[in-house]
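*Asks:* Once you've had a glance at the structure underneath, I'll fire off some questions.
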Amino acid sequence: MIFNRFDSAKDFSGGNVPEGDFGWRLPRNLHCHFIGIGGVAMGNVAVDMVKNGFKVTGSDAGIYSPMKEFLTERGIEPLTPFRPDNLQGADLIIVGNAISRGNPELEEAMRRRMTLISMPELIKWGLLAGRKNLVITGTHGKTTSTAIIAHILKGGGHRPGYLIGGVPRDFDSGFEAGKGEYFVIEGDEYDIAFFDKRAKFLLYLPFGVIINNLEYDHSDIYRNLDEIKDSFLKLVRLIPDNGYLVINGDDEAVKSVVSEARCPVITFGLGEKNRFRGTIEISRIKISDGNNFWGECHFPLSGEYNLRNALGAAALLDSVGIDRGEILRGLSGFKGVKRRMELAGEVGGIAVYDDFAHHPTAVKASIQAVKDMHPGRRIWALFQPRSNTCVTNIFQDIWVDAFAGADKVVIAELHRRDKIPPEKRLSREDLREDLANIGIEAFLWDDANVIVENIGEYLKPGDVILIMSNSDFGGLAGKLARLLGDRL
5 MIFNRFDSAK
15 DFSGGNVPEG
25 DFGWRLPRNL
35 HCHFIGIGGV
45 AMGNVAVDMV
55 KNGFKVTGSD
65 AGIYSPMKEF
75 LTERGIEPLT
85 PFRPDNLQGA
95 DLIIVGNAIS
105 RGNPELEEAM
115 RRRMTLISMP
125 ELIKWGLLAG
135 RKNLVITGTH
145 GKTTSTAIIA
155 HILKGGGHRP
165 GYLIGGVPRD
175 FDSGFEAGKG
185 EYFVIEGDEY
195 DIAFFDKRAK
205 FLLYLPFGVI
215 INNLEYDHSD
225 IYRNLDEIKD
235 SFLKLVRLIP
245 DNGYLVINGD
255 DEAVKSVVSE
265 ARCPVITFGL
275 GEKNRFRGTI
285 EISRIKISDG
295 NNFWGECHFP
305 LSGEYNLRNA
315 LGAAALLDSV
325 GIDRGEILRG
335 LSGFKGVKRR
345 MELAGEVGGI
355 AVYDDFAHHP
365 TAVKASIQAV
375 KDMHPGRRIW
385 ALFQPRSNTC
395 VTNIFQDIWV
405 DAFAGADKVV
415 IAELHRRDKI
425 PPEKRLSRED
435 LREDLANIGI
445 EAFLWDDANV
455 IVENIGEYLK
465 PGDVILIMSN
475 SDFGGLAGKL
485 ARLLGDRL
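So, in structure tokens, the structure goes:
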């Protein structure tokens with residue numbers, strides 16, 4: 005048993021859980037301490053535990069807005085910096101994914117042989133046991149697909165739990181323990197913690213799984229696509245025979261990992277061989293099941309990739325028995341996820357969108373989406389190379405095609421550039437030259453402040469600015485909105 009102060013499985017719920025009444029299944033007298041509480045997922049889980057009666061403390065190197073206010077307003081005063089004294093009285097130490105050996109609190113907890121647990125383990129033992137867990141995976145589309153499913157289930161009165169890697173626009177946060185039998189969770193293939201390099205999703209006790217797509221990513225963890233596929237093969241082996249595996253049937257890499265499934269495999273996509281297919285036109289989606297019409301509804305998101313997200317969500321929920329009308333109503337009312345093609349503002353005829361894209365495929369799709377929404381307008385693609393993969397030269401030649409749909413490109417400085425060996429580093433200069441060779445002007449402006457200082461003289465009414473980063477890009481969206489407002 006992972007918690008050394010409890011001696012039976014029933015301790016995870018304090019006894020039997022009433023039928024249909026799930027939620028946290030841990031003794032409420034636990035004092036839980038989060039090392040790395042400033043992370044979005046860590047902070048959201050910590051706040052929910054406070055709401056459910058646990059004593060919670062947490063620490064980080066520094067807590068910044070808006071997470072600092074989010075925690076303090078909900079009863080957690082974050083401790084900074086990391087210090088051994090912060091562990092005082094803790095029963096259970098939750099270690100964030102960003103924490104590594106050498107952290108003073110981690111080292112002290114290990115010396116004292118305190119009970120250490122990763123965030124995915126906390127979710128598994130505290131929330132997932134006995135529930136119908138819907139695990140949403142793939143290189144792209146996880147957050148939006150997870151949010152769609154959580155939105156549909158919540159709107160249908162199913163009281164789901166959910167853990168989403170972003171914040172749906174109609175939810176207060178991306179996490180809720182929930183009380184119903186369903187738990188919807190974004191299944192990340194990134195590693196669990198410094199002491200466990202398996203993919204997170206292997207801990208999530210799957211009942212239903214979506215695999216949206218598979219491409220190479222996370223070069224700091226995986227050496228090639230085959231290693232990523234191996235993690236997905238292991239996930240497929242964990243689905244029970246009464247569960248469901250829903251896959252993008254248009255993706256050959258996805259199809260290559262399903263051979264050992266013992267459960268029904270349902271396909272979705274645009275190709276004729278898929279079971280669930282769909283079209284989207286002028287904010288309306290039509291779905292077919294085989295040769296039969298399945299349903300249609302308003303769908304406010306644009307782009308082929310969002311059509312696929314909706315199809316996967318509909319296919320999984322239909323498979324587990326959710327009413328078709330509930331699914332269609334949920335799709336119609338879904339408002340999207342913050343920082344996923346989010347309109348930050350439109351001032352003086354110039355629109356600013358904020359997006360999470362940071363992989364070449366996602367960048368290309370996001371550029372195409374804004375082109376489809378704003379035909380004939382000039383597109384600016386502002387990109388911050390920040391993930392552990394895109395700061396390297398693995399995608400050096402592929403980036404040219406990714407940005408080819410834009411009219412102007414801005415490439416910010418690489419995140420933690422000095423930590424990347426020069427021979428492995430993405431060359432912004434080479435990328436600028438390659439883009440110039442296909443007629444696209446690119447600017448190397450290092451950060452949000454430099455961009456705001458320079459871009460104004462180039463902008464024209466009718467321009468569309470697309471910001472892409474897996475961080476907040478130094479608050480660039482807000483700074484650009486203020487810049488444009490000042491120009492009026």
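For reference, each letter of the sequence shown is one residue, going 5 to 492 in this note's numbering.
Where a beta carbon is used, it is the ideal one built from N, C-alpha and C, also for glycine.
1) Take D476 and list the residues in its own chain whose beta-carbon comes closer than 7 Å to its own, dropping the five residues that flank it on each side.
2) Taking only runs that begin and end inside the region 81-143, name each unbroken alpha helix (DSSP H) of 4 or more residues, in chain order.
3) Here's the rule: buried if 16 or more other CB atoms are within 10 angstroms of the residue's CB, otherwise exposed. What is K544?
4) Cα-Cα, which of G334, V454, W403 and N453 is closest to E433?
5) First and last residue of the beta strand (DSSP E) that includes Y186?
6) Sorted by chain position, which residues of the same chain lie with C-beta nearer than 6 Å to K368's C-beta, five sequence neighbours on each side aside?
7) Could you tell me if D11 is buried or exposed, where buried requires 16 or more neighbouring beta carbons within 10 angstroms of its beta carbon?
8) Going along the chain, which residues of its own chain have a beta-carbon closer than 6 Å to the beta-carbon of E300, five neighbours each way excluded?
9) Thinking just about the alpha-carbon of each residue, which of A257, G165, E111 and N101 is nearest to the one in A197?
10) Can you tell me the Cα-Cα spacing of V171 and F272, whole angstroms?
11) According to the Cβ coordinates, are G553 and Y166 closer than 8 Å?
12) For D174, collect the residues of the same chain with a Cβ closer than 6 Å to its Cβ; drop the 5 residues on either side in sequence, then sort them by chain order.
13) Just the Cα atoms here: how many angstroms apart are D451 and A416?
14) Buried or exposed: D195, going by 16 or more other Cβ atoms within 10 Å of its Cβ?
15) Determine whether the beta carbon atoms of Y208 and L132 lie at a separation below 8 Å.
16) Taking only three categories from DSSP, how would you classify R390?
17) Under 7 Å Cβ to Cβ from V54, same chain only, skipping five residues before and after it: list those, please.
18) Can you round the beta-carbon distance between V262 and V240 to whole angstroms, since I take them to be within the 8 Å contact cut?
19) Residue range of the alpha helix (DSSP H) that M345 falls in?
20) Helix, strand or coil, according to DSSP, for L239 in the structure here?
21) Flag this pair as yes or no: are the beta carbons of F297 and I284 separated by less than 8 Å?
22) Between which two residues does the alpha helix (DSSP H) holding V403 run?
23) How would you call S149, buried or exposed, if buried means at least 16 neighbouring beta carbons within 10 angstroms?
24) In terms of residue numbering, what span does the alpha helix (DSSP H) encompassing T61 cover?
25) Where does the unbroken beta strand (DSSP E) through T150 begin, and where does it stop?
26) If you scan the region 224-277 from start to end, which runs of the beta strand (DSSP E) of 3 or more residues do you find wholly inside it?
27) Can you give me the C-alpha to C-alpha distance between S473 and Y357, rounded to a whole angstrom?
28) Could you pull the start and end residues of the alpha helix (DSSP H) that A446 belongs to?
29) Pick helix, strand or coil for P426, following the three-state DSSP scheme.
30) Going by C-alpha distance, which of G460, G275, N278 and V374 is nearest G489?
31) Answer with buried or exposed for N458, where buried requires no fewer than 16 other C-beta atoms within 10 angstroms of its C-beta.
32) Among the candidates M377, D293, E346 and L242, whose CA atom is the shortest distance from the CA of G307?
33) Report the option in L439, S287 and R135 whose CA atom is closest to the CA atom of G247.
34) With distances taken Cα to Cα, identify the nearest neighbour of R382 among S391, A410 and T396.
35) Nearest to S391 by CA position, among F399, W384 and A385, is which residue?
36) Can the beta-carbon of I331 be found less than 8 Å from the beta-carbon of I156?
*Replies:* Answer, in terms of the structure:
1) Here the set comprises nothing.
2) Complete alpha helix (DSSP H) runs here, min 4: 108-115 and 123-127.
3) Because the chain in this structure spans residues 5 to 492, residue 544 falls outside the shown range and cannot be described.
4) E433 has its Cα closest to that of W403, out of G334, V454, W403 and N453.
5) Residues Y186 to E190.
6) Closer than 6 Å at Cβ, skipping near neighbours: A406.
7) Only weak support is given to the placement of D11: the predicted model assigns it a pLDDT of 36, under 50, and the value that follows is read from those uncertain coordinates. Exposed, by the Cβ-count rule.
8) Taken in chain order, the residues that qualify are K290.
9) Cα-wise, what sits closest to A197 is N101.
10) Straight-line Cα distance between these residues: approximately 25 Å.
11) In the structure as shown, the chain begins at 5 and stops at 492. Residue 553 is therefore absent and cannot be evaluated.
12) Within the same chain, D174 has close Cβ partners K339.
13) Each residue's alpha carbon lies about 6 Å from the other.
14) A residue is called buried once 16 or more other Cβ atoms fall within 10 Å of its Cβ, and D195 is buried on that count.
15) Result yes, Cβ atoms of Y208 and L132 sit closer than 8 Å.
16) In the displayed model, R390 falls within coil according to three-state DSSP, outside both helix and strand.
17) Shown here for V54: same chain residues with a beta carbon closer than 7 Å to its own, the five before and five after excluded, namely V60, R78, G79 and I80 in chain order.
18) V262 to V240, Cβ: 6 Å. Contact.
19) M345 -> no alpha helix (DSSP H), and no H or E assigned at all.
20) In the structure shown, L239 adopts helical secondary structure according to DSSP, grouped into three states.
21) F297 places its beta carbon 8 Å or farther from that of I284.
22) Per the sequence shown, residue 403 should be read as Trp rather than Val. Counting along the chain, the alpha helix (DSSP H) containing W403 begins and ends at I402 to F407.
23) The Cβ neighbour count for S149, taken over all protein chains shown within 10 Å, is at least 16; the residue is labelled buried.
24) That residue, T61, is in no alpha helix (DSSP H); its beta strand (DSSP E) goes K59 to S63.
25) Membership of T150 in any beta strand (DSSP E) is not indicated; the residue belongs instead to the alpha helix (DSSP H) covering K146 to G159.
26) For the region 224-277, whole beta strand (DSSP E) runs of length 3 or above, ordered along the chain, are 248-252 and 269-273.
27) Between S473 and Y357, the alpha-carbon positions lie close to 12 Å from each other.
28) Where A446 is concerned, there is no enclosing alpha helix (DSSP H), although the beta strand (DSSP E) it sits in stretches over E445 to F447.
29) Reduced to three states, the DSSP call for P426 is helix.
30) When only C-alpha atoms are compared, the closest one is G460.
31) Exposed: under 16 other Cβ atoms inside 10 Å.
32) Just measuring C-alpha positions, the residue of M377, D293, E346 and L242 sitting nearest G307 is M377.
33) Residue R135 is the option with its Cα nearest to G247.
34) For the residues S391, A410 and T396, the minimum Cα distance to R382 belongs to A410.
35) Residue F399 is the option with its Cα nearest to S391.
36) Yes.
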